[in-house]
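Peer 1:
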Amino acid sequence: CGYQRRCDYNFRALKKQLDAGAIGDVKVVKSCSRDNPVPPLPYLATSGGIFQDMLIHDFDMQEWLTGGQMPESITSVGHCYDPEIAKLKDLDTVAVLAKYE
Numbered sequence: 119c120g121y122q123r124r125c126d127y128n129f130r131a132l133k134k135q136l137d138a139g140a141i142g143d144v145k146v147v148k149s150c151s152r153d154n155p156v157p158p159l160p161y162l163a164t165s166g167g168i169f170q171d172m173l174i175h176d177f178d179m180q181e182w183l184t185g186g187q188m189p190e191s192i193t194s195v196g197h198c199y200d201p202e203i204a205k206l207k208d209l210d211t212v213a214v215l216a217k218y219e
């Protein structure tokens, strides 16, 4: 699994600012990802689901940007609006809240 977002210029610039203390302690990290257009169904059938395929990159960015802070609790809720994706027992929309100390 590759965490290519760590190589993205904008994320690297943000990490540099965070490490320099530009905003103080990180209290909230909000990320939003979209997979548009919808990947082909044969791919989704083998991708491991939205958490393993997409959200893992958001989780990695949160861990990297916060310097390795681990959340004390995580809550998630999801829904599938696309009936074809629902047949795969996957979700197409997910919200995750991670609470940090």
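The sequence shown begins at 119 in the numbering used here and counts up one residue at a time.
Using N, Cα and C, we set each Cβ at its ideal position, and we do this for glycine too.
Because the structure is a prediction, the values reported are computed rather than measured.
In angstroms with no decimal places, state the Cα-to-Cα distance between L215 and I192.
Peer 2: Cα-Cα distance, rounded: 6 Å.
Peer 1: Can the beta-carbon of Y218 be found closer than 8 Å to that of P189?
Peer 2: Yes, the pair counts as a contact, with Cβ atoms nearer than the cut-off.
Peer 1: Based on DSSP bridge pairs, tell me the residues matched to G196.
Peer 2: Answer by DSSP bridge pairing, in chain order: V212.
Peer 1: Could you give the residue range of the alpha helix (DSSP H) that holds Y161?
Peer 2: Taken as a continuous stretch (DSSP letters only), the alpha helix (DSSP H) holding Y161 covers L159 to T164.
Peer 1: Helix, strand or coil: how does DSSP classify K217 here?
Peer 2: It is a strand residue.
Peer 1: Less than 8 Å between the beta carbons of M172 and R123, yes or no?
Peer 2: Contact flag unset, no.
Peer 1: Is the closest heavy atom of the ligand NAP to the C-beta of H175 under 7 Å?
Peer 2: Annotation note on the ligand NAP: not contained in the displayed structure, which lists no ligands.
Peer 1: Can you tell me whether I141 is buried or exposed, with buried defined as 16 or more other CB within 10 angstroms of its CB?
Peer 2: By the 10 Å Cβ count, I141 comes out exposed.
Peer 1: Work out the CA separation of L136 and E181 for me, nearest whole Å.
Peer 2: Roughly 13 Å separates the two Cα atoms.
Peer 1: Taking the DSSP output, what are the residues bridged to S151?
Peer 2: Bridge partners of S151: none, in fact.
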